[in-house]
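Q: Take the sequence shown: its letter number 169 is residue 169 in full-length UniProt numbering, and every next letter is one higher.
C-beta: ideal position from N, C-alpha, C; glycine also.
Before we start, here is the structure in question, set down as structure tokens.
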Amino acid sequence: QEKSCRLSAALLGEASEISQEQLYELLKYAALGKCHNAAQPSWCHIYHQSHLAGVVVVVLHEMSQLHFYRFYLQFKHLRKVFQHRFTLTPSTNFPVSLYGEGANLKPQNIPQGLSSTSSECITKSSDLQCDPIIQRYGEKKQGLTSYTLTLEEQEKNDYPIEGSPGCKGYISTECDQQRTDSSPLFGLDCEMCLTAKGNEVTRVSLVDAQGQCLLNELVKPESTVVNYRTRFSGITKKMLLPVKTRLSDIQTRLKKMLPHDAVLVGHSLNSDLQALEMIHPSVIDTSLLFARSEGRRFKLKFLAKAVLGKEIQCEQKLGHDPTEDARAALELAQFFIEQGPTKVAELNLEMLLTAEKLAEVSQNKAALQPQGCGFQEQLNEPPPVPKPCFLDCLQVTGQKPLLLGRQGLDSSGLCQSNQSTSNKQILQRALEDVPLSKFSIIQFSLGPEYTASHLHAGLYEKVRSKLTDMLTIYAGPFEENFCMKSVKKEFERCGPIQSLTVVTETFQPYVCIQYEVLEAAQLAVESLNGAEVAGSCIKVQRPVSAAMLDCSVLIKELELDVENEGVIYVAGLKKSLTETDLQEEFSQLKDLETVFLPKDLQSGKHRNCCFLKFQKSQSAMDALEAINGWTLKGSELRSRNALAPGHLWRWIWQMNHSNGKQGKHIFYEKMEQLSDSEQDLRKKVKKLDHHIKKLYRSLQNNTLCVVLFPGVNSTHGSQSGLGLMGIKDDEGRSAC
Numbered sequence: 001q002e003k004s005c006r007l008s009a010a011l012l013g014e015a016s017e018i019s020q021e022q023l024y025e026l027l028k029y030a031a032l033g034k035c036h037n038a039a040q041p042s043w044c045h046i047y048h049q050s051h052l053a054g055v056v057v058v059v060l061h062e063m064s065q066l067h068f069y070r071f072y073l074q075f076k077h078l079r080k081v082f083q084h085r086f087t088l089t090p091s092t093n094f095p096v097s098l099y100g101e102g103a104n105l106k107p108q109n110i111p112q113g114l115s116s117t118s119s120e121c122i123t124k125s126s127d128l129q130c131d132p133i134i135q136r137y138g139e140k141k142q143g144l145t146s147y148t149l150t151l152e153e154q155e156k157n158d159y160p161i162e163g164s165p166g167c168k169g170y171i172s173t174e175c176d177q178q179r180t181d182s183s184p185l186f187g188l189d190c191e192m193c194l195t196a197k198g199n200e201v202t203r204v205s206l207v208d209a210q211g212q213c214l215l216n217e218l219v220k221p222e223s224t225v226v227n228y229r230t231r232f233s234g235i236t237k238k239m240l241l242p243v244k245t246r247l248s249d250i251q252t253r254l255k256k257m258l259p260h261d262a263v264l265v266g267h268s269l270n271s272d273l274q275a276l277e278m279i280h281p282s283v284i285d286t287s288l289l290f291a292r293s294e295g296r297r298f299k300l301k302f303l304a305k306a307v308l309g310k311e312i313q314c315e316q317k318l319g320h321d322p323t324e325d326a327r328a329a330l331e332l333a334q335f336f337i338e339q340g341p342t343k344v345a346e347l348n349l350e351m352l353l354t355a356e357k358l359a360e361v362s363q364n365k366a367a368l369q370p371q372g373c374g375f376q377e378q379l380n381e382p383p384p385v386p387k388p389c390f391l392d393c394l395q396v397t398g399q400k401p402l403l404l405g406r407q408g409l410d411s412s413g414l415c416q417s418n419q420s421t422s423n424k425q426i427l428q429r430a431l432e433d434v435p436l437s438k439f440s441i442i443q444f445s446l447g448p449e450y451t452a453s454h455l456h457a458g459l460y461e462k463v464r465s466k467l468t469d470m471l472t473i474y475a476g477p478f479e480e481n482f483c484m485k486s487v488k489k490e491f492e493r494c495g496p497i498q499s500l501t502v503v504t505e506t507f508q509p510y511v512c513i514q515y516e517v518l519e520a521a522q523l524a525v526e527s528l529n530g531a532e533v534a535g536s537c538i539k540v541q542r543p544v545s546a547a548m549l550d551c552s553v554l555i556k557e558l559e560l561d562v563e564n565e566g567v568i569y570v571a572g573l574k575k576s577l578t579e580t581d582l583q584e585e586f587s588q589l590k591d592l593e594t595v596f597l598p599k600d601l602q603s604g605k606h607r608n609c610c611f612l613k614f615q616k617s618q619s620a621m622d623a624l625e626a627i628n629g630w631t632l633k634g635s636e637l638r639s640r641n642a643l644a645p646g647h648l649w650r651w652i653w654q655m656n657h658s659n660g661k662q663g664k665h666i667f668y669e670k671m672e673q674l675s676d677s678e679q680d681l682r683k684k685v686k687k688l689d690h691h692i693k694k695l696y697r698s699l700q701n702n703t704l705c706v707v708l709f710p711g712v713n714s715t716h717g718s719q720s721g722l723g724l725m726g727i728k729d730d731e732g733r734s735a736c
């Protein structure tokens, strides 16, 4: 029976802003699985990738997040089908960021002996016999027990062993050696500082086979610290001052956490176990697993990049992250076990390392090159090695990607590229050709007349203005001498307030309140209209304008948005509460999956509201009934269904605090032109949504579909992009 593919992603708050590199990471893994250095994306998870029927990327040329929310009601199909949505960082060169740098390179740009294509990086079978990995493990794929270190190998590589003279007083994990190929793997990494005693542990991280962090703890050394080694460990004196945890506490916890057949994975794991003063019989050491000749070893940072396609131990960070390192070592071991020695040997890691070193030398020399140096001298330098393009790797597997659109994105010959003159023609070609391709990029466009910078500026101002109106309410009338403090306190129970002013143009005073989130304004309208506040029975309403006439329709559609399924908004929280506090307080709610506590993006302080995401919609409905009127730490809570999808929090905050500065000088001059074209634009957007609906319905089940509004990044300004994604299931909507 065919397995169903699933996609999961926690896209809330900061985690919902995805870079072009992270998007590339997703597409590369979806297209290639764990071959050719592809790895599971860091920000989402594809289950049963090998069962994907194909990958289809729909690019809406020169459109941004702005277009989606300006024409939200017109994008009826997109907002009802795709479960996952994210803000996309705009790029100055979107095609390169989508394909990878190798896609636009000419053959003559590649250094002699090196190649940007994976096809030329694959070592011939006859050469594999000399590879240290093949010599050590053979060519056939084996289970994990074949890669655990023997007792002799542990002794040779300075692992702590039961009964050894240097291991007196060491604690055994008491895990027996009855391991099997299905034994659980755990990644382990420690950071150490230098003390009067020697190397002592200051931080310990343990991750399980799914990469979930089980332990990440600071440890106070027993002896006086001589050198914190902050550059590598990231540990400072200040960090360790409040720490009470000692080595014995960690030893006890590790013994309890590890099952009897646990296999520990780490990079030069002997150093970690020596520092932990612990003995464990079943280990996989990735510094030895990826064997090199003459006893040399690859660094973890290099292996993570070359094999997994991940950047770790970045120079911008202070010290190493032990959880990141433990997870990288674990994934390297899993890659080796799943792919087998031959696939690993074919990566030709020695050549990749040489290429990387050549590039570094080239960059360093270029940095030291004095100004005015002759052109001939520069020609002698080896040019930098480009990042391989995953479309190349598809070629190796016999799959030629398909590119359809008006714009000439592909100049490399890597794709079956077809230029069409209209969206209708592109759709017709897509319906015929997409079923024949494993990876397709389909590009639609509104046309050049709708991509001018002044139109973007006008759209921005319209969206910002409407959003401001939707966040604003008017309350009153109040008595002349009413207590403003009481009014603020009552309305703050609905959510965070950005501004509160008294309207004096009316016979009796009214109050204008602008909230920071849409849910707060709607909650105030629903719960306080007709209520008695500050001694007056008041009316609560939004501003009345032409743009707000469809507000109630928009609110209803936002509630029905597929991304808001199972998500509720809770207000009235004390600002001192953390996400951990809320997880504990709401733990009794059935099927609670995630708690998101928004922060002020300038001060970093928590707001007095949160969002709760549940695994099932019914559980969210039950939670709504339970929470309304619930008292938490002395505060009465109010809740309702979520309106703004998780990825919008940052964007709304930024727009809400921009005061209309972006594009304002262009907007007023061009408003008439925008008004004339907007009716036609709405029709085009509606038609575009229909084209995507037709294409989506034609896709096979288990097809990953990603719709991209790339955003705009030019001299005229920048607009964030938007991504929608999902795996089509039997019911024709995206599986989550």
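1) Output needed for glutamate 52: all residues of its chain with C-beta closer than 8 Å, excluding positions within five of it in sequence on either side, in chain order.
2) Applying the 10 Å Cβ sphere with the 16-neighbour rule, what's the burial state of threonine 252?
3) Just to confirm, are phenylalanine 290 and leucine 349 a CB contact at a threshold of 8 Å?
4) Take aspartate 729 as the anchor and find which of Gly54, Leu60, Glu21 has the nearest alpha-carbon.
5) Kindly indicate the opening and closing residues of the alpha helix (DSSP H) around cysteine 551.
6) Using DSSP with H/G/I as helix, E/B as strand and the rest coil, what is cysteine 190?
7) Buried or exposed for leucine 7, please, with buried defined as at least 16 other CB atoms from any protein chain shown within 10 angstroms of its CB.
8) Is it right to say phenylalanine 507 is buried, meaning 16 or more other beta carbons lie within 10 angstroms of its own, or is it exposed?
9) Please return the same chain residues whose Cβ sits closer than 6 Å to the Cβ of valine 562, not counting the five positions on each side in sequence.
10) Extract the residue ranges of the beta strand (DSSP E) inside the region 528 to 606, only unbroken runs of 3 or more that lie entirely within it.
11) Provide the residue span of the alpha helix (DSSP H) that contains aspartate 321, from first to last.
12) Tell me, please, which residues DSSP counts as bridged to valine 511.
13) With a threshold of 8 Å on Cβ separation, who are the neighbours of serine 718 within its own chain once the five nearest residues in sequence on each side are excluded?
14) Between Ala304, Glu338, Asp321, Glu324, which lies nearest to leucine 353 when the distance is taken from Cα to Cα?
15) State the Cα-Cα distance for the pair arginine 640 and histidine 267, rounded to the nearest angstrom.
16) Got a sec, what are the start and stop residues for the alpha helix (DSSP H) serine 233 sits in?
17) What do you reckon, are the CB atoms on valine 685 and glutamine 74 nearer than 8 Å?
18) Taking just the CA atoms, how far does valine 58 sit from glycine 721?
19) Counting C-beta neighbours from all protein chains within 10 Å, is the total for arginine 697 16 or more, i.e. buried, or is it exposed?
20) Scan the region 256 to 313 and note each continuous alpha helix (DSSP H) run of 4 residues or more that stays entirely inside, going in chain order.
21) Since asparagine 423 is in the alpha helix (DSSP H), which residue starts that stretch and which ends it?
22) What's the C-alpha gap between isoleucine 133 and proline 165?
23) Starting from the Cα of leucine 436, find the closest Cα among Tyr460, Lys462, Leu403 and give me that residue.
24) So for glycine 198, helix, strand or coil by DSSP?
25) Whole angstroms are fine: how far does the CA of cysteine 175 sit from the CA of lysine 489?
26) Using a Cβ distance threshold of 8 Å, determine whether the region 178 to 187 contacts the region 137 to 153, with at least three qualifying pairs required.
27) Apart from the five residues on each side of it in sequence, which residues of its chain come closer than 7 Å, Cβ to Cβ, to lysine 661?
28) Below 8 Å CB to CB, which residues in the same chain sit around serine 64 once its five sequence neighbours on both sides are set aside?
29) Between glutamate 222 and glutamate 200, is the Cβ-Cβ spacing less than 8 Å?
30) Assess contact between the region 424 to 443 and the region 496 to 511, defined as three or more Cβ pairs (one per stretch) separated by less than 8 Å. Is contact present?
31) Pull the bridge partners of asparagine 713 from the DSSP assignment, please.
32) From leucine 427 to glycine 295, what does the alpha carbon distance come to, in whole angstroms?
33) I'd like the span of the alpha helix (DSSP H) that includes lysine 616, first residue to last.
34) List the residues that DSSP assigns as beta-bridge partners of threonine 87.
35) Evaluate glutamate 526 with the Cβ neighbour count: other Cβ atoms within 10 Å of its Cβ, from every protein chain shown; 16 or more gives buried, anything less gives exposed.
36) In chain order, what residues of the same chain lie with their CB nearer than 7 Å to the CB of tyrosine 228, ignoring the 5 residues before and after it?
A: Reading off the structure:
1) Note that residue 52 is leucine in the sequence shown, not glutamate. Cβ within range, chain order: Cys5, Ala30, Ile46, Asn702, Thr703, Leu704, Ile727.
2) exposed
3) yes
4) Gly54
5) 551 to 560
6) strand
7) buried
8) exposed
9) Lys80, Gln83
10) 539 to 541, 567 to 571, 592 to 596
11) Here aspartate 321 belongs to no alpha helix (DSSP H), and DSSP marks it neither H nor E.
12) Ala475, Val502
13) Pro90, Gly711, Val712
14) Ala304
15) 49 Å
16) 230 to 233
17) yes
18) 13 Å
19) exposed
20) 269 to 276, 286 to 289, 300 to 303
21) 423 to 433
22) 33 Å
23) Leu403
24) strand
25) 58 Å
26) yes
27) Model confidence at lysine 661 stands at a pLDDT of 41, short of 50, so the residue's coordinates are unreliable; what they give is reported in the following sentence. So no residue of the chain qualifies.
28) Pro90, His456, Phe709, Pro710, Gly711, Val712, Gln719, Ser720, Gly721, Leu722
29) yes
30) no
31) Ser718
32) 57 Å
33) Lysine 616 -> no alpha helix (DSSP H), and no H or E assigned at all.
34) Glu17, Leu722
35) exposed
36) Cys193, Ile235, Thr236, Lys237
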